[in-house]
Structures are given as structure tokens and as C-alpha cells.
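Heads up: the sequence lines are chains H and Z, in that order.
Plus 12 on top of the position in the first sequence (first one is 1) and you've got this note's numbering.
Plus 27 on top of the position in the second sequence (first one is 1) and you've got this note's numbering.
Below is one structure, written out as C-alpha cells; the observations come after it.
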Amino acid sequence: AQSVAQPEDQVNVAEGNPLTVKCTYSVSGNPYLFWYVQYPNRGLQFLLKYITGDNLVKGSYGFEAEFNKSQTSFHLKKPSALVSDSALYFCAVTQGQAGTALIFGKGTTLSVSS
Amino acid sequence: GAVVSQHPSWVICKSGTSVKIECRSLDFQATTMFWYRQFPKQSLMLMATSNEGSKATYEQGVEKDKFLINHASLTLSTLTVTSAHPEDSSFYICSASNPGRHSGNTIYFGEGSWLTVV
Numbered sequence: 013a014q015s016v017a018q019p020e021d022q023v024n025v026a027e028g029n030p031l032t033v034k035c036t037y038s039v040s041g042n043p044y045l046f047w048y049v050q051y052p053n054r055g056l057q058f059l060l061k062y063i064t065g066d067n068l069v070k071g072s073y074g075f076e077a078e079f080n081k082s083q084t085s086f087h088l089k090k091p092s093a094l095v096s097d098s099a100l101y102f103c104a105v106t107q108g109q110a111g112t113a114l115i116f117g118k119g120t121t122l123s124v125s126s
Numbered sequence: 028g029a030v031v032s033q034h035p036s037w038v039i040c041k042s043g044t045s046v047k048i049e050c051r052s053l054d055f056q057a058t059t060m061f062w063y064r065q066f067p068k069q070s071l072m073l074m075a076t077s078n079e080g081s082k083a084t085y086e087q088g089v090e091k092d093k094f095l096i097n098h099a100s101l102t103l104s105t106l107t108v109t110s111a112h113p114e115d116s117s118f119y120i121c122s123a124s125n126p127g128r129h130s131g132n133t134i135y136f137g138e139g140s141w142l143t144v145v
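Next comes the structure, spelled out in C-alpha cells:
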């Protein structure tokens, strides 16, 4: 069975500092990995995805994530956090088979202080 | 880019009534749509997978007679919450997949629908 773990309920960083939101996964076969952000009372916004190729994936709003197969991780990073980055972040995984649903982690609340 | 639209964005209904939520893919044909439920500050829980022209596949613990899903066309799936009760109040989000159009099984999400049952 597929699963995603986000070990931190909340991450607090100061504006301008680098941020990391952790994600590990478990899936049989090749994983497709995603990061989404959710602002209060809104749907999910796509940030980035890893399918194949370079392990470092660059996405929207300056975010990037690194796929590490040996550690089964896909941590989300940003070199310099903004207050406006404060939101709920979800890591998700699916297998490569087309038409399969995403399985989400529990989410991590990112709080960026000014 | 691809857009998935949900309607209504919020709805309040009386206990015992039914409410329908629509999910439309606006610029692509979605062979598969997914319905999720999210409680406040919690993760998205997959309710069912909807394939056009066939019956939906429900996740364990989801009552198929209560949450009716219809995927009658390649651009529209509907979720009907029947005989709604206050515990059905939640944020419902749909997503649509078009694996043939974009690489890597891209999945797009709607903006979600808030259901409050009073």
C-alpha cells in the first residue's frame, strides 16, 4: 500500500531564512511525488512534482524539492522564506500507473514570521 | 493551464436533505476524477475514484449509498450527499486526471466545496 509521512505538524521559520518541509513515502514501484499548498478555505495549488529525471525539482514560487530514492524522501525547500508562504503544505504520492489517485500526507503547517 | 471547477463553492442545507456538488474539467477530458473529503486542519481522505461511464470505486468505509457519484461525461462528475446529517459537514475536493495530455499523470484539483448541514 502507498503511504506518505509528513513528520512535522508545524514548521516555524523567520522571514528570509531557508525552510524545509519533510516528506517520506512508501510505494511499490516507481513513485510519482507531488507537493501542494493550501491556503485557508481554499483548494490545493500545485507546487511541483517528481516523475523522473533530475532529483532536484524546481517548482512554483521559488520552491524546490529533492527526490532521494535511498532515503525514500522528497523534502520541500525554499532558500528564503516569505511571510506569504505561510500555509498548509501537503506531500502526495501515486504510482506511475495512469489514472491512480494521489495519497496525501497529513499536512504540515508552515508559519513564517516577520 | 488545465482548470478544474467545482460548484457550489459552499452550500448550507438542512439535515435530511440531499445536496449535489459538481466537478468539471474545463479544458481537457478527464477520464478519471477523484473525490476527497477534508476535515478542518486535516489531510485529504480519498472517498472514491470515478471513471467515465462506469460505477465509481469507493474507498473502504465510505458509504456508496450515501455519497452517490456519477461521471456521465468526460468533463463532469457529480457527488450527491444523500440524507445529509451534520456529521457530513466537511470540505469536499475533486480532482481530475488526464494522463494522456501531460506527462506524469498530472492531477488537477478543484477549489473545493464547503458543505454545512444544519
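We treat Cβ as the ideally placed atom computed from N, Cα and C, and that holds for glycine.
Asked: Inter-residue CB distance, Tyr63(Z) and Leu53(Z) (contact presumed, cutoff 8 angstroms); Found: The Cβ separation is near 19 angstroms, so there is no contact.
Asked: Buried versus exposed, by CB contacts within 10 Å (16 or more), Thr102(Z); Found: buried
Asked: Residues that DSSP places opposite Cys121(Z) in a beta bridge; Found: Trp62(Z)
Asked: Val89(Z), DSSP secondary structure in three states; Found: coil
Asked: Below-7 angstroms beta-carbon distance, Leu68(H) vs any chain Z residue; Found: no
Asked: Partners in chain H for Ser70(Z), counting only beta-carbon separations shorter than 8 angstroms; Found: Phe102, Phe116, Gly117, Lys118 and Gly119
Asked: Amino acids of chain Z, ordered along the chain, whose beta-carbon sits closer than 8 angstroms to that of Gly55(H); Found: Gln33, Ile120, Phe136, Gly137, Glu138 and Gly139
Asked: Distance cut-off 6 angstroms: Asp21(H) Cβ against heavy atoms of the ligand SAM; Found: No copy of the ligand SAM appears in this structure; indeed no ligand is present at all.
Asked: Contact belief for Lys61(H) with Leu45(H) at Cβ below 8 angstroms, rounded distance in angstroms; Found: 7 angstroms
Asked: CB of Cys50(Z) within 7 angstroms of CB of Gly139(Z), strictly; Found: no
Asked: Burial state of Trp47(H), where buried means 16 or more other Cβ atoms lie within 10 Å; Found: buried
Asked: Alpha carbon of Phe86(H) to alpha carbon of Ser92(H), nearest angstrom; Found: 19 angstroms
Asked: Neighbouring residues, chain Z, relative to Ala113(H) (Cβ below 7 angstroms); Found: Phe61, Leu73 and Thr76
Asked: Outcome for Ser130(Z) when other beta-carbon atoms lying within 10 angstroms are tallied against a minimum of 16; Found: Only weak support exists for where Ser130(Z) lies, its pLDDT of 47 falling under 50; the coordinates are left without a value.
Asked: Own chain, CB closer than 7 angstroms to Glu117(Z), minus 5 neighbours either side, in chain order; Found: A small fix is needed here, since residue 117(Z) is Ser in this sequence, not Glu. Once the five neighbours on either side are set aside, the close Cβ partners of Ser117(Z) are Arg64, Gln65, Phe66 and Leu142.
Asked: Proximity winner among Val145(Z), Glu86(Z) and Ile120(Z), relative to Val114(Z) (alpha-carbon distances); Found: For clarity, residue 114(Z) is Glu in the given sequence; the question names Val instead. Out of Val145(Z), Glu86(Z) and Ile120(Z), Val145(Z) has the C-alpha closest to the C-alpha of Glu114(Z).
Asked: Buried/exposed call for Tyr73(H), threshold 16 Cβ in 10 Å; Found: exposed
Asked: Helix, strand or coil at Ser81(Z) [DSSP, three-state]; Found: coil
Asked: Pairwise C-alpha distance: Ala111(Z) and Thr146(Z); Found: An answer regarding residue 146(Z) cannot be provided, because it is not within the stretch 28 to 145 covered by chain Z.
Asked: Proximity of Glu99(Z) and Tyr85(Z) at Cβ, strictly below 7 angstroms; Found: The question names Glu, but residue 99(Z) in the sequence shown is Ala. Not in contact: Ala99(Z) and Tyr85(Z) (Cβ atoms no closer than 7 angstroms).
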